[in-house]
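Note sheet for the following structure.
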Amino acid sequence: MSYSYEIKDFDAGGRIGNFKLGSKKLDTPNLFPVVNPFQNLISPKEFYNHFKIQAIFTNAYIIYKNRENNPNIIKKGLHEHLGFPGIIATDSGGFQDYMYAGDIKLAPEEIEPFQEKIGSDCPVILDIPVQTTDPYEEAKRKVDITIRRAKDNILRRQRTDTAWFAPIHGSIYPDLLKVSSQEMSKLDYGIYAIGGVVKTFIDYRFDLDIEILLNVRKWIDPSKPLHMFGLGLPNFFSLAVACGADTFDSAAYILYAKDDRYFTFTGTKNIKDLSELPCHCPICIKYSASEIQKLPKDKRTEVIARHNLYHSFSEIRTIKQAIREGTLWDLVEQRVHVHPKYIKALRKSIEFPDHFNQLLNMNKIKGQKLLSPFSFYRPHLQYFRKKIENFKIFPSKKILLCVPELDLPSDKGISFEGWKKEIKLNPYYEEIQVVIISNSLSIIPIELAEIYPAGQHEGFVNIEHKKKEISILLSTFKKFLSENKSQFKFIKILIPITFVNEYQVQEQFQPKNHLIYYIKNLISENFPEIKTSVIQTIEEL
1 MSYSYEIKDF DAGGRIGNFK LGSKKLDTPN LFPVVNPFQN LISPKEFYNH FKIQAIFTNA
61 YIIYKNRENN PNIIKKGLHE HLGFPGIIAT DSGGFQDYMY AGDIKLAPEE IEPFQEKIGS
121 DCPVILDIPV QTTDPYEEAK RKVDITIRRA KDNILRRQRT DTAWFAPIHG SIYPDLLKVS
181 SQEMSKLDYG IYAIGGVVKT FIDYRFDLDI EILLNVRKWI DPSKPLHMFG LGLPNFFSLA
241 VACGADTFDS AAYILYAKDD RYFTFTGTKN IKDLSELPCH CPICIKYSAS EIQKLPKDKR
301 TEVIARHNLY HSFSEIRTIK QAIREGTLWD LVEQRVHVHP KYIKALRKSI EFPDHFNQLL
361 NMNKIKGQKL LSPFSFYRPH LQYFRKKIEN FKIFPSKKIL LCVPELDLPS DKGISFEGWK
421 KEIKLNPYYE EIQVVIISNS LSIIPIELAE IYPAGQHEGF VNIEHKKKEI SILLSTFKKF
481 LSENKSQFKF IKILIPITFV NEYQVQEQFQ PKNHLIYYIK NLISENFPEI KTSVIQTIEE
541 L
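Quick note on the UniProt record's numbering: the sequence shown kicks off at 1 and runs consecutively.
Below you can see the structure in the form of structure tokens.
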């Protein structure tokens, strides 16, 4: 085995890793741009020398079918033929079979040894991708054949300096994804790759692609890179990486350019609709939008493709930096808001809380920016809510005082400082347990006010009319109170009329937009034995 994969850092499901294949290296996350084996507007040599691209994908099936040229390529090797000294991955024809519904007639015994002959670094076995329209039995048949072919491939291999791709299939069937992932994990493959997702991606069914990815990530061996075949829209990268994808391959940079479509951080734009270029890459410095529009078709395609490459790899670098900083979820929430279908995909990821809670990097104490309603489901916040359910209060505490978190996190803020001073003057101070009622964390015992992320989150989660979020928060509060109810004789709920915000301005408190408004009913319904009352000032305590 001539390959290795080392994880250097992680955040959420995103991993910075170093994949080594002999003397060649690939940093992850990363993108394999797809190139034609014979004709390209941008040469693979330029990919390596100018764009500093570490790996590319090309099609061994096209080379195999080109009887006139393939003896020459076998003789001099794929790297010399393409002029690319980095990692070259090759597809076996399985993708064509997937896209054109079985019109490709080819045997593994032909195309797999051929990939070794031409010098592919990372060949793909001849798999049979599952279509979303396949009935279950047909999908199972395809998965079983692909697994059998993967086992046969190992017995047939001649070279030891390759890292073969093991395609994972199952599509809309989670149990088949599980079987495929578990069986492939047992075999000697350098990279696992999720197949059968391109058509759904083209149809903007990003939520299904994320569901497939998260189901695979649940069962696949985490010690090797996980690839997604054919997913090349930069705005999707951050969410896919956060959900566990390490690498992608795509020809989107050139395919979109052929349709005059220009990548931006706010989605793809038709170059004809742009009067300004919202980018400062070498292409966008050299040309204005109107100048690109006037170029001949081939030149215009090349120029847009170059920009699309710059943009794609800029996004990859941005993701890596976010992983290192511990801010990958911030980036995800920013990126998904360019299209409702991306938002739908992020919503799908929320259905897998256990996956993300297992991946918490507690070494990265980074303030949580609550940027959107999805911030409520950040793994660090979910982890805190879960842990606080079993928090035990000191036995000496007999009075539970619930105070609202205001415009600053936890116990920070001018009004809160005033409340704390007043509480200390209360003759029953030693018996008072102060808890902060939070729209994002549910309940924060005052002793934990500075513990991450209680004291390190910024922003306000609006829960008015959010039945699901209110239910989650109340459930946490209820479990906490159940754990400690035997010692409390009184519960006081502070709902102030006004408070002083961080700008020292008196502001009206909006109770219906705050969890504290809902806890009195919960207490009266579930803990009627505890005397509970609402107060408007600490003096009433």
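In this text, a Cβ means the ideal position worked out from N, Cα and C, and glycines have one as well. All of these numbers come straight from a predicted model, not from anything done at the bench.
Look at residue i and residue j and say whether their C-beta atoms are less than 7 Å apart.
| i | j | result |
| --- | --- | --- |
| residue 128 | residue 168 | no |
| residue 489 | residue 433 | no |
| residue 32 | residue 55 | yes |
| residue 389 | residue 327 | no |
| residue 345 | residue 201 | no |
| residue 13 | residue 242 | yes |
| residue 93 | residue 106 | yes |
| residue 64 | residue 114 | yes |
| residue 185 | residue 220 | yes |
| residue 126 | residue 150 | no |
| residue 547 | residue 293 | Summary: the structure shown does not reach residue 547, with the chain confined to residues 1 through 541, and so no result is reported for it. |
| residue 91 | residue 143 | no |
| residue 325 | residue 371 | no |
| residue 484 | residue 393 | yes |
| residue 538 | residue 422 | yes |
| residue 172 | residue 132 | yes |
| residue 159 | residue 116 | yes |
| residue 504 | residue 498 | no |
| residue 29 | residue 246 | yes |
Taking the C-alpha atoms as reference points, what is the distance between residue i and residue j?
| i | j | result |
| --- | --- | --- |
| residue 134 | residue 141 | 10 Å |
| residue 174 | residue 534 | 49 Å |
| residue 337 | residue 376 | 16 Å |
| residue 268 | residue 237 | 14 Å |
| residue 323 | residue 49 | 27 Å |
| residue 546 | residue 222 | The shown model of the chain, from 1 to 541, leaves out residue 546, and the question about it has no answer. |
| residue 442 | residue 44 | 54 Å |
| residue 330 | residue 516 | 27 Å |
| residue 230 | residue 250 | 5 Å |
| residue 343 | residue 80 | 43 Å |
| residue 335 | residue 400 | 42 Å |
| residue 299 | residue 354 | 49 Å |
| residue 76 | residue 130 | 35 Å |
| residue 358 | residue 347 | 19 Å |
| residue 531 | residue 431 | 15 Å |
| residue 57 | residue 154 | 22 Å |
| residue 301 | residue 406 | 53 Å |
| residue 404 | residue 528 | 22 Å |
| residue 233 | residue 501 | 42 Å |
| residue 240 | residue 360 | 17 Å |
| residue 339 | residue 152 | 43 Å |
| residue 509 | residue 445 | 21 Å |
| residue 139 | residue 170 | 7 Å |
| residue 311 | residue 448 | 43 Å |
| residue 395 | residue 351 | 38 Å |
| residue 197 | residue 180 | 15 Å |
| residue 279 | residue 165 | 35 Å |
In terms of alpha-carbon separation, which member of the options lies closest to residue i?
| i | options | result |
| --- | --- | --- |
| residue 82 | 110, 274, 46 | 46 |
| residue 461 | 278, 485, 439 | 439 |
| residue 465 | 512, 472, 498, 436 | 512 |
| residue 21 | 352, 86, 340 | 86 |
| residue 26 | 71, 199, 163 | 163 |
| residue 319 | 7, 303, 16, 339 | 16 |
| residue 313 | 341, 248, 266 | 248 |
| residue 281 | 171, 51, 537 | 51 |
| residue 482 | 518, 525, 503, 454 | 525 |
| residue 244 | 521, 36, 225, 361 | 225 |
| residue 453 | 387, 498, 508 | 387 |
| residue 88 | 110, 291, 37, 70 | 37 |
| residue 2 | 190, 156, 139, 66 | 190 |
| residue 121 | 303, 362, 503, 19 | 19 |
| residue 60 | 78, 68, 53 | 78 |
| residue 435 | 419, 402, 263 | 402 |
Does residue i have its Cβ less than 7 Å from a Cβ in chain D?
| i | result |
| --- | --- |
| residue 294 | No chain D appears in this structure, which consists of one protein chain only. |
Any heavy atom of the ligand FMN closer than 6 Å to the Cβ of residue i?
| i | result |
| --- | --- |
| residue 519 | This structure lacks the ligand FMN; in fact it carries no ligand of any kind. |
ask   = Does the stretch 364 to 382 come close enough to the stretch 489 to 496 that 3 or more CB-CB pairs lie under 8 Å?
value = no
ask   = If you pair each beta-carbon of the stretch 304 to 312 with each one of the stretch 282 to 292, do three or more pairs fall below 8 Å?
value = yes
key: Contact between the stretch 207 to 218 and the stretch 252 to 259 (3+ Cβ pairs under 8 Å)   = no
ask   = Using 8 Å as the threshold, is the stretch 470 to 485 in touch with the stretch 410 to 428, meaning 3 or more CB pairs across them?
value = no
query = What are the start and end residues of each continuous beta strand (DSSP E) run of 3 or more residues lying completely inside the stretch 58 to 121, in chain order?
reply = 87 to 91
inquiry  = For a minimum of 4 consecutive residues, which ranges assigned as the alpha helix (DSSP H) are wholly contained in the stretch 462 to 515?
reply    = 467 to 484
ask   = Can you give, in chain order, each stretch of the alpha helix (DSSP H) that sits fully within the stretch 223 to 284 and has at least 4 residues?
value = 234 to 242, 252 to 258
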